[in-house]
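Residues 6 to 222 (our numbering) are what the sequence shown spells out, left to right.
We put the beta carbon where it would ideally sit given N, CA and C, even for glycine.
None of these values were measured; they are calculated from a predicted model.
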Amino acid sequence: MPLVAPSILSANFLCLKDDIEMINNSEADWFHIDVMDGRFVPNISFGMPIIKAMKKLGKKTFDVHLMIVEPEKYFEDFKNAGADILTVHYEASTHLHRSLQAIKALGMQAGVSLNPHTPVSVLEDVIKDIDLVLIMSVNPGFGGQKFISQAINKVKKLKAMITEAGADTLIEIDGGVTLENAGELVAAGVDVLVAGNTVFSSQDPADTIKKLKQAGK
Ligand code: DX5
Ligand code: ZN
6 MPLVAPSILS ANFLCLKDDI EMINNSEADW FHIDVMDGRF VPNISFGMPI IKAMKKLGKK
66 TFDVHLMIVE PEKYFEDFKN AGADILTVHY EASTHLHRSL QAIKALGMQA GVSLNPHTPV
126 SVLEDVIKDI DLVLIMSVNP GFGGQKFISQ AINKVKKLKA MITEAGADTL IEIDGGVTLE
186 NAGELVAAGV DVLVAGNTVF SSQDPADTIK KLKQAGK
């Protein structure tokens with residue numbers, strides 16, 4: 006069964022408490038938390054104070070996706086805010102290997118995200134140091150966009166790379182995940198499905214999460 010990580014970006018911020026409780030009581034595995042700075046991506050979302058507040062109520066793993074420049078400046082702040090998994094973008098990390106070690110030294114799991122144009126081969130020499138690779142299947146910055154189908158080939162290539170290296174890196178897919186494409190994604194090798202719009206714009210978000218858990222069966 007895939008892990009399912011609903012993206013808080015699509016939650017109702019006026020009633021965030023209700024949405025956190027819905028996730029707590031659902032079959033979801035993680036909270037996917039998108040941090041945007043208006044520089045790495047053309048949008049600004051939220052930062053540490055919101056994550057810190059969420060942590061008081063959220064009972065599942067906090068999977069924090071940093072879409073920010075110079076992420077290394079804030080690793081400790083995100084740890085203190087409650088991040089369990091901290092994912093940086095390859096494109097924003099000049100010293101990726103150093104960043105991975107720094108995230109782990111703080112007691113978090115270390116993730117790396119790839120934009121749609123970035124090939125998975127750039128991770129070949131660090132794959133064993135990475136707990137999670139997040140494949141962006143839309144251009145980062147906004148929820149509710151259309152899935153870029155080339156991402157499926159990237160998942161397959163990444164899966165082969167992980168197997169060949171004997172690594173236990175998880176593959177997460179983020180952007181445009183629907184009940185229609187989730188099965189194919191899991192079959193291609195995806196371990197973690199992120200879903201924002203699909204979960205939060207559905208009539209029954211908890212039931213949609215349950216259906217995503219069944220993807221690939
Ligand atoms: C986009 C974010 C995603 C976003 C996904 O930059 O990284 O996590 O919330 O939203 P959907 O599932 O609606 O495409
Ligand atoms: Zn994300």
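ask   = Which residues in the same chain have their Cβ closer than 7 Å to the Cβ of E77, if we skip the five residues on either side of it in sequence?
value = Excluding positions up to five away in sequence, the list reads S104 and A107.
query = Who are the near neighbours of A192 in its chain, counting only those whose CB is closer than 8 Å to its CB and skipping five residues on each side?
reply = If we look at A192 and ignore the five residues flanking it on each side, its Cβ neighbours are G221.
message = Using 8 Å for Cβ pairs, my map puts L119 next to L175. What's the rounded Cβ distance?
response = About 14 Å; that fails the 8 Å criterion.
query = In chain order, what residues of the same chain lie with their CB nearer than 7 Å to the CB of G148, ignoring the 5 residues before and after it?
reply = Contacts found: S12, L14, S15, G201 and N202.
task = Closer than 6 Å is what we want: which residues have a beta carbon that near any heavy atom of the ligand FMN? List them in chain order.
result = Ligands present in the displayed structure are limited to the ligand DX5 and the ligand ZN, and the ligand FMN is not among them.
ask   = Does I55 get closer than 7 Å to chain B when you measure Cβ to Cβ?
value = Note that chain B does not occur in the displayed structure, where there is just one protein chain.
ask   = Would you call the region 81 to 98 and the region 62 to 70 in contact, with 3 or more CB pairs under 8 Å?
value = yes
Paired residues, beta bridge with T92 - DSSP = Answer is H70 and G116, bridged to T92.
task = Would you mind sorting V127 into buried or exposed? The rule is 16 or more other CB atoms within 10 Å of its CB.
result = exposed
request  = Taking only heavy atoms of the ligand DX5 into account, decide whether any of them is closer than 6 Å to the Cβ of L14.
outcome  = yes
task = Thinking D39 and A10 are a contact (beta carbons under 8 Å), I'd like their distance in whole angstroms, please.
result = The Cβ separation is near 11 Å, so there is no contact.
ask   = Closest by CA to A88, which one among V143, M166, A58 and L101?
value = Per the Cα distances, A58.
request  = Return yes when the C-beta of G43 is under 6 Å from any heavy atom of the ligand DX5, and no when it is not.
outcome  = Not so, every heavy atom of the ligand DX5 lies at least 6 Å from the Cβ.
message = Report the CB separation of V125 from K159 in whole angstroms; it is logged as a contact under 8 Å.
response = About 5 Å separates the CB atoms of V125 and K159; that is less than 8 Å, so the two are in contact.
query = Taking the alpha carbon of H122 as the point to measure from, which residue in S142, G116, G112 and L111 has its own alpha carbon closest?
reply = S142
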